Amino acid sequence: MPGQRRSPAAGVLDTLGSPAVGALIGLAGLIVPVIGWAAEHVNLKVLLIVQGGLILLLAAGHLWMRKAYIHLRRANNLKAMDDSAYYDLVRSRLERELISDYSEIADGHLRVYAGEVPRLSALLVKTVTEAASEPQRILAADLTTDPTLLARRREYIAANRRFTESGGTINRLFIVRSTDLTTPDFARALLDLVGSHRDLGVTCGLAVRDRLRADQAVDVVIFAAAAALVEEEQGDADYQQGRSSVYFKGVERWADRFDETWGQGADSAPRTLQTYESAIRPMLDAGTWDESRATTTVDGL
36 MPGQRRSPAA GVLDTLGSPA VGALIGLAGL IVPVIGWAAE HVNLKVLLIV
86 QGGLILLLAA GHLWMRKAYI HLRRANNLKA MDDSAYYDLV RSRLERELIS
136 DYSEIADGHL RVYAGEVPRL SALLVKTVTE AASEPQRILA ADLTTDPTLL
186 ARRREYIAAN RRFTESGGTI NRLFIVRSTD LTTPDFARAL LDLVGSHRDL
236 GVTCGLAVRD RLRADQAVDV VIFAAAAALV EEEQGDADYQ QGRSSVYFKG
286 VERWADRFDE TWGQGADSAP RTLQTYESAI RPMLDAGTWD ESRATTTVDG
336 L
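Start counting at 1 in the sequence shown, then tack on 35, and there's your number in my numbering.
What follows is the structure in C-alpha cells.
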C-alpha cells in the first residue's frame, strides 16, 4: 500500500520523540545550569526561560511518543523465568513481529496468513457490533469452489449468528463456476450451505463466475463501512494455506463493487439463486438428476 505523505509538524514531533534527541535535550538541561553557574554574569530570567523551554520540548516529545507508538510492557523479573535466555529470545521475536504488523495497521492495511484468517474474520464480525459501526451490515462475496470449506469455519459462523441475532444484517453472495453448478454433488453441497446460512438469518445470492469481470470475481467481506477483508490466496480445508489482506481505508469502493454484482430486481443475486434452486433442488430431492436440464437452467441465469 503506498505510504502517505507526512505533515511537517508530524516530522518535527517525530524528531522530538526520538531517543537520540531526547538524550541531547536532557544533556542540555544539565549543561545550561552549569554554564550559568560558572559564568560571571548570568541573566537568571534568561536561564529560567531556557530551562523551561527544554522541559517543554522533553514533555512534547514524550506525549507524542505515547500517542503515536505502541508501548510494550517489560518482563517483571527476567531471572524468575525457568530459562531466562529462551524466554527473552521468544519475547523479542514476538515483539518484532508485533511491531512489524503494527506499522501496517497504523497505515490502514494488515496482511494475514493461514490459520490467522478465520480467527481474524470472527474478530472483525464481533467488532462491528462492539464499535457500533454504521451500517450494522456485512457484505460477503465468496468464490465458492468447495462449499464444505465455509461450513467448517465454526468460529466465524458462530460470530455471524451472534451478529444477526443482535440485529445486524448479512448479505452473502456465492460466486460459482457454471460447470460446478451443473454437477450434482456440488449442487447439493451448495444448497445445503445456503440453507445453513439462511438459518443464521443471512440473505443469500448467487452469481455465475464465468460472467463476471475479473474485478467482480473477488473473495471479499465488507464489515459495515469500516473494513474489507480480501482473500488473495484461497485457504484449504484446515487453513494451513491462504493469505488475506484487511483494508481499513477505501472500503467504499469494495462495497460499491459488491452492490454492483449483487444487483437489483429480477437480475439480483437472490433472484438468480431462487431460479437456480427452484429447478435444481427438486431433482436432487427426488434423485432424478437431469444434466441437460441443469445446464439449461444455468445457461438461463
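Just so you know, even glycine gets a beta-carbon here, dropped at the ideal spot from N, CA and C.
Just so it is clear, the structure is predicted and the values come from calculations on it, not from any experiment.
- In terms of CA proximity to Asp-227, Phe-209 leads the group Lys-161, Phe-209, Val-81 and Lys-114.
- Here the alpha carbon of Arg-233 sits roughly 49 Å from the alpha carbon of Asp-123.
- Distance check between Leu-241 and each of Ala-304, Ala-321, Thr-331 and Val-81 places Ala-304 closest, using alpha-carbon atoms only.
- In the three-state scheme derived from DSSP, where H, G and I count as helix and E and B as strand, Thr-238 is classed as strand.
- Boundaries around Ser-313 are those of the alpha helix (DSSP H), 304–321, since no beta strand (DSSP E) includes it.
- Residue environment analysis places Ala-263 among the buried positions, since at least 16 neighbouring C-beta atoms fall within 10 angstroms of its C-beta.
- The C-beta distance from Ser-213 to Asp-245 rounds to 5 Å, short enough to fall under 8 Å.
- Met-116 and Val-265 have their C-alpha atoms spaced approximately 41 Å apart.
- Contact between the region 277–285 and the region 185–197 is absent: fewer than three C-beta pairs spanning the two stretches fall below 8 Å.
- For a cut-off of 8 Å, the C-beta gap from Leu-319 to Arg-223 is around 5 Å, short enough to register as a contact.
- Cβ contact annotation for Arg-292 (same chain, cutoff 7 Å, sequence separation greater than five): Asp-250 and Gln-251, in chain order.
- Per the coordinates, the alpha-carbon of Phe-258 lies some 10 Å from the alpha-carbon of Ile-205.
- Taking Ser-327 as reference, the option from Ser-168, Arg-187, Thr-217 and Thr-164 with the minimal CA-CA separation is Thr-217.
- Assigned with DSSP and collapsed to three states, Ala-224 falls in helix.
- Thr-162 sits in a helix when the DSSP states are folded into three classes.
- The alpha-carbon of Val-163 is positioned some 42 Å away from that of Trp-324.
- Between Leu-247 and Thr-296, the CB-CB gap stays under 8 Å.
- Apart from sequence neighbours up to five positions away, the residues of its chain that approach Gln-171 with a beta-carbon distance below 6 Å are Gly-203, ordered along the chain.
- Of Ala-261, Ser-156 and Phe-283, the smallest CA-CA separation from Glu-169 is found for Ala-261.
- Sequence-distant Cβ neighbours of Thr-238 in its own chain, meaning closer than 8 Å and more than five residues away, are Thr-204, Ile-205, Asn-206, Arg-207 and Pro-305.
- For Ser-280, the uninterrupted beta strand (DSSP E) run begins and ends at 278–282, by DSSP.
- Between Leu-155 and Val-147, the C-beta spacing is below 8 Å.
- Nearest neighbour of Ala-167 by Cα position, chosen from Phe-198, Ala-329 and Asp-254, turns out to be Phe-198.
- C-alpha of Ala-329 to C-alpha of Leu-145: approximately 42 Å in a straight line.
- In chain order, Arg-188, Glu-190, Tyr-191 and Tyr-274 place their CB closer than 7 Å to the CB of Pro-153, counting only its own chain and leaving out the 5 sequence neighbours on each side.
- The three-state reading of DSSP puts Arg-146 in strand, counting E and B together.
- Taking the Cα of Leu-174 as reference, the smallest distance to any Cα among Val-253, Gly-322 and Gly-150 is reached at Val-253.
- When the Cα atoms are used, Gly-143 and Pro-219 turn out to be separated by approximately 43 Å.
- Counting along the chain, no beta strand (DSSP E) covers Asp-291; the unbroken alpha helix (DSSP H) around it starts and ends at 286–297.
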